[in-house]
Amino acid sequence: MKWKQAIEEELCAIEKNQTWEIVKLPSGKKAIAVKWVFKLKLNPDGSIAKHKARLVARGFLQREGLDYSEVYSPVARIETVRLVVAIANARDWPMYHLDVKSAFLNGPLEEVVFVTQPPGFVIKGKENMVYRLKKALYGLKQAPRAWNKRIDRFLVKQGFSKCKSEYGVYVQKSTSSIILICLYVDDLLVTGSDIAKIEKFKIVMMTEFEMTDLGEISYFLGIEFLKTSKGLMLHQRKYAGEILKRFNMSDCTYTITPMETNLKLEKNESEDVVDPTMFKQIVGSLRYLCNSRPDICFAVGLISRFMEDPRQPHIKAVMRILRYIAGTLDFGILFPKSAVNAKSEIICYSYVDWCGDKVDRRSTTDYFFKYLNASVAWCSRKQPVVALSSCEAEYIVGSYAACQALWINSMLKELKINVKKPITLQIDNQSAINLAKNSVVQGRRKHIEARFHFLREQVNQGSLEVIHCATGSQVADIMTKSLKIDRFLNLRNSLCVFQLRS
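Now the structure itself:
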């Protein structure tokens, strides 16, 4: 009964939105088949929130250039969401979650597209007729692009300006207030300094689109938000629990760290082969968990290198990560309340494990950013080249960190927020620091690719300040190698990864 009601709601939304009209199929044209897709939408506690039915077009039957042209649709990245949340939390702004119902049905189509009548709802006497789409339908290749153009025009009309650094973020600035919007397909995170203007904006949105006002944000893009006495916690406890349940690790023995100390994995064809499909499923699930768990970023990145041909040692390392997740299920990143008194400055740590990969001897690079005492961005990956020295390896990771730092700075500038300059970049290699400050290319450094000298250019321009950081205080060390327990736990706290508390 509930599924039937869900189907009727979907068809009602399509008719109300004037998505299609029934016509005869022109000669030489082909109608795209459609199907029903059913899904249970759950609350963070696992209870059923809604029975959802979608009429979906079989988009794989479309032909590029005939049925569609553009398919790209920009969305706000997770690191952008964390940055906006850090700003809102520090300034004690309210954050709201809006969800557009049947968002893709609002996007007008530029191409002529025909679809078959829905299964089970073929009109009697018109069995040979089809629907001509006026607006997009879920499953069509161009549906995301059409919807994005629709809401983009609407937001610009309402006085919002789109950020050039992040096309999924919109800003409305006046002399006395500011409103920020993070757009991710049909989900909107809305925050700002004026509650009255936000409420007015929500009314305007609901007048234009059929929307659900989910109130103050508690669950966004799989990330849960929890207000505590110490600040705002971002965590994925529900998602992590689903991973453990899916791979039968809910009742496993816990571990304190995600990897064995000094573990070095490599390709070894003499080891037993494991199920590659299951291995890829676990790794893919863990990669999304890294959005709120930087403490597992290195471990997940390391096992990702062996998805092509996983062996027994690799699956053993994966299972250890799951055992660590099981023991830290209620952990997340803290955006502290004290951030309101923090300086508006960007602090970055960059570090490298020189020639850490046993297979190709490339170095493992990572950087970690804090803004208003909140963890907003991090990365752990292999360098694209083999570094001939630790100085060169540190210099390369510094150039990557410089790119990220300037992007964050440009984002904050478009969000009308003043940032203390220059941006501080902390490196523990004095030779790399000297190389970044010295405009003369030494003979033993002349082989370094030109793109990595971007760091030195930004330092000379005064945009970045490179300072020395003692190895013991290097926060980014946790994302370059497996560490001993005491060192790992200490650095995990420095990442602001803590247990959830009320």
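Numbering (this note's numbering), first residue to last: 3 to 504. Every residue gets a Cβ at the ideal spot worked out from N, C-alpha and C, and that includes glycine.
query = Would residue 105 pass as a contact of residue 188 if the rule is Cβ separation under 8 Å?
reply = In this structure, residue 188 lies closer than 8 Å to residue 105 by Cβ.
request  = Throw me the rounded Cβ distance for the residue 457 and residue 373 pair, which I believe falls under 8 Å.
outcome  = At roughly 20 Å, the Cβ-Cβ gap does not stay under 8 Å, so residue 457 and residue 373 are not in contact.
inquiry  = Relative to the C-alpha of residue 4, which candidate in 41, 16, 76 and 332 has its C-alpha closest?
reply    = 41
task = Give a yes or no on whether the C-beta atoms belonging to residue 185 and residue 99 are separated by under 8 Å.
result = no
query = For residue 378, which residues of its own chain have a beta-carbon under 8 Å away from its beta-carbon, when the five flanking residues on both sides are left out?
reply = 81, 84, 85, 88, 371, 372 and 410
request  = Please state if the CB of residue 219 and the CB of residue 97 are separated by a distance shorter than 8 Å.
outcome  = Closer than 8 Å, so yes.
inquiry  = Once DSSP output is grouped into helix, strand and coil, what is the label at residue 381?
reply    = strand
ask   = Using the C-alpha atoms, what's the distance from residue 229 back to residue 509?
value = Residue numbering for the chain in the displayed model covers 3 to 504; residue 509 lies beyond these limits and cannot be assessed.
ask   = Who does residue 233 pair with in a DSSP beta bridge?
value = 338
ask   = What are the start and end residues of the beta strand (DSSP E) that includes residue 459?
value = Where residue 459 is concerned, there is no enclosing beta strand (DSSP E), although the alpha helix (DSSP H) it sits in stretches over 456 to 463.
message = Three Cβ pairs or more, each shorter than 8 Å: is that satisfied between the segment 410 to 427 and the segment 164 to 175?
response = yes
key: CB-CB length for residue 136 against residue 23, believed under 8 Å   = Between residue 23 and residue 136 the Cβ distance is about 7 Å, and since that is below 8 Å, they are a contact.
Where the beta strand (DSSP E) through residue 500 begins and ends = Unbroken beta strand (DSSP E) run through residue 500: 499 to 501.
query = In its own chain, which residues sit with a C-beta less than 7 Å from the C-beta of residue 434, not counting the 5 before and 5 after it?
reply = 393, 396, 397 and 400
inquiry  = If I measure Cβ to Cβ from residue 280 and keep anything under 6 Å in the same chain, skipping five residues before and after, which residues do I get?
reply    = none
message = Quick check on residue 231: buried or exposed, where buried means 16 or more other Cβ atoms within 10 Å of its Cβ?
response = exposed
query = Can you check whether the CB of residue 273 is closer than 8 Å to the CB of residue 313?
reply = yes
task = Thinking residue 2 and residue 350 are a contact (beta carbons under 8 Å), I'd like their distance in whole angstroms, please.
result = Beyond the ends of the chain as shown, which are 3 and 504, falls residue 2; an answer cannot be given.
request  = Find the nearest neighbour of residue 13 within the set 56, 32, 30 and 39, judged by alpha-carbon distance.
outcome  = 56
Outcome for residue 355 when other beta-carbon atoms lying within 10 angstroms are tallied against a minimum of 16 = Flag for residue 355 reads buried.
ask   = For residue 384, which option in 376, 367, 375 and 390 has the closest C-alpha, if you only look at C-alpha atoms?
value = 367
ask   = Exposed or buried, which one is residue 117 when buried takes at least 16 other CB atoms within 10 Å?
value = buried
inquiry  = If we require 3 or more residues per run, which beta strand (DSSP E) segments fall completely within the segment 159 to 244?
reply    = 171 to 175, 180 to 186, 189 to 194, 213 to 218, 225 to 229 and 233 to 237
task = Compare the beta carbon distance of residue 521 and residue 301 with 8 Å and say whether it is the shorter of the two.
result = The chain is shown from 3 up to 504; residue 521 falls before or after that span and cannot be answered.
query = DSSP on residue 122, reduced to helix/strand/coil?
reply = coil
key: Buried or exposed (CB count within 10 angstroms, at least 16 for buried), residue 432   = Here residue 432 is exposed. Its C-beta has fewer than 16 other C-beta atoms within 10 Å.
ask   = Near residue 461, what residues of its chain come up, given a Cβ to Cβ distance below 7 Å and the 5 sequence neighbours on each side ignored?
value = Counting only residues of its own chain and dropping the five nearest sequence neighbours on each side, residue 461 has a CB closer than 7 Å to the CB of 438, 439 and 468.
key: Rounded straight-line distance, which links the Cα of residue 258 to that of residue 2   = The question about residue 2 has no answer, for the chain in this structure spans 3 to 504.
task = Name the two residues that bound the continuous alpha helix (DSSP H) containing residue 267.
result = First-last for residue 267: undefined, no H or E at that position.
ask   = Going by C-alpha distance, which of 8, 27, 360 and 402 is nearest residue 43?
value = Nearest C-alpha to residue 43: 8.
request  = For residue 358, count neighbouring Cβ atoms within 10 angstroms of its own Cβ and tell me buried if that reaches 16, exposed if not.
outcome  = buried
task = Classify residue 253 as buried or exposed, calling it buried when 16 or more other Cβ atoms lie within 10 Å of its own Cβ.
result = Counting Cβ neighbours within 10 Å, residue 253 comes out exposed, since fewer than 16 surround it.
task = Please check the pair residue 143 and residue 70, which I expect to be a contact at CB under 8 Å, by giving their CB distance rounded to whole angstroms.
result = 4 Å
ask   = In this structure, does DSSP put residue 5 in helix, strand or coil?
value = Looking at residue 5 - three-state DSSP - the assignment turns out to be helix.
message = Assuming contact is defined by CB atoms lying nearer than 8 Å, are residue 246 and residue 328 in contact in what I supplied?
response = yes
task = Apply the 10 Å Cβ neighbour rule to residue 17 and answer buried if 16 or more other Cβ atoms are within range, or exposed otherwise.
result = The residue is exposed, with fewer than 16 neighbouring Cβ atoms inside 10 Å.
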